[in-house]
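Visitor: Here's a structure for you.
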Amino acid sequence: MKFEESVMRITEILKKEYVLEELKAKNKRDVLAELAGVFVRAGISKEPDAMVSVLLDREKLGSTGIGEGIAIPHGKIGGLDEMVIAFGRSREGIEFDAMDSKPVHLFFLLMAPEQSSGQHLKALAKISRMLKDGAFRKALLEAPAHEDLFRVIVEKDEEV
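For the sequence shown, my numbering assigns the number 2 to the initial residue and increments by one for each residue that follows.
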């Protein structure tokens, strides 16, 4: 008998208002700050600088730019009640020290409470599985509007 794990839904953590259709940032620090700013505007965090600092410290361990135009920056921080995810797209691409040395276009930023257990690892794994699909990446890059971007993520989230 196979043990069935509860299915993690990214869209339970990634809200529509946490999706940025076109990032303005031109470098790693600025893209992390822009994505962290989503949580400040939503009232989830009052510490954007602390968030960016945690994310940059994580980047020092190895870039979260995993190649194929994707980065999944992540970190743990005190003061968060629950895990949160933001998504941002840069059609132009941002230099992010990615493993394949190419610019990054698609960013999923995950922040977890400092004392969180393995839930953030499950979320990272789910996002990674979703992004392995080239058609999904292409759909994210080509989605014409904010609503379309979010719909593409929702549909893939239900499928994987």
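The C-beta atom is built at its ideal place from N, Cα and C for all residues, glycine as well.
Residue ranges of each alpha helix (DSSP H) run of no fewer than 4 residues wholly in the segment 33-115, ordered along the chain?
Guide: Listed in chain order, the complete alpha helix (DSSP H) runs (minimum 4 residues) inside the segment 33-115 are 49-62.
Visitor: Apart from the five residues just before and just after A37, which ones in its own chain have a Cβ nearer than 6 Å to its Cβ?
Guide: Only P49, M52 and V53 meet the Cβ criterion.
Visitor: So which of D158, G70, F108 and M100 has the shortest CA-CA distance to E35?
Guide: Considering only alpha carbons, the answer is F108.
Visitor: Do you know whose CA, among G79, K17, S91 and K47, lies nearest L142's CA?
Guide: Ranking the options by Cα distance to L142, first place goes to S91.
Visitor: Can you find the residues in the same chain that come closer than 6 Å, C-beta to C-beta, to H147, ignoring five residues on each side of it along the sequence?
Guide: Result list for H147: E22, in chain order.
Visitor: Between which residues of its own chain and D98 is the CB-CB distance below 8 Å, once the five residues before and five after are set aside?
Guide: Correct list, in chain order: K29, E60, S64 and G66.
Visitor: Have a look at A124 and I14 and give me their C-alpha separation to the nearest angstrom.
Guide: Those two C-alpha atoms are separated by around 9 Å.
Visitor: From D58 to P74, what distance separates their C-alpha atoms?
Guide: Going by the C-alpha atoms only, they are around 11 Å apart.
Visitor: Does the beta-carbon of D101, which I'm using as the reference point, lie nearer than 7 Å to any heavy atom of the ligand GDP?
Guide: No copy of the ligand GDP occurs in the structure displayed, which carries no ligand at all.
Visitor: Please decide whether K16 counts as near chain D, where near means a Cβ-Cβ distance under 8 Å.
Guide: No chain D appears in the structure shown, which is made up of a single protein chain.
Visitor: In its own chain, which residues sit with a C-beta less than 8 Å from the C-beta of K16, not counting the 5 before and 5 after it?
Guide: Within the same chain, K16 has close Cβ partners A43.
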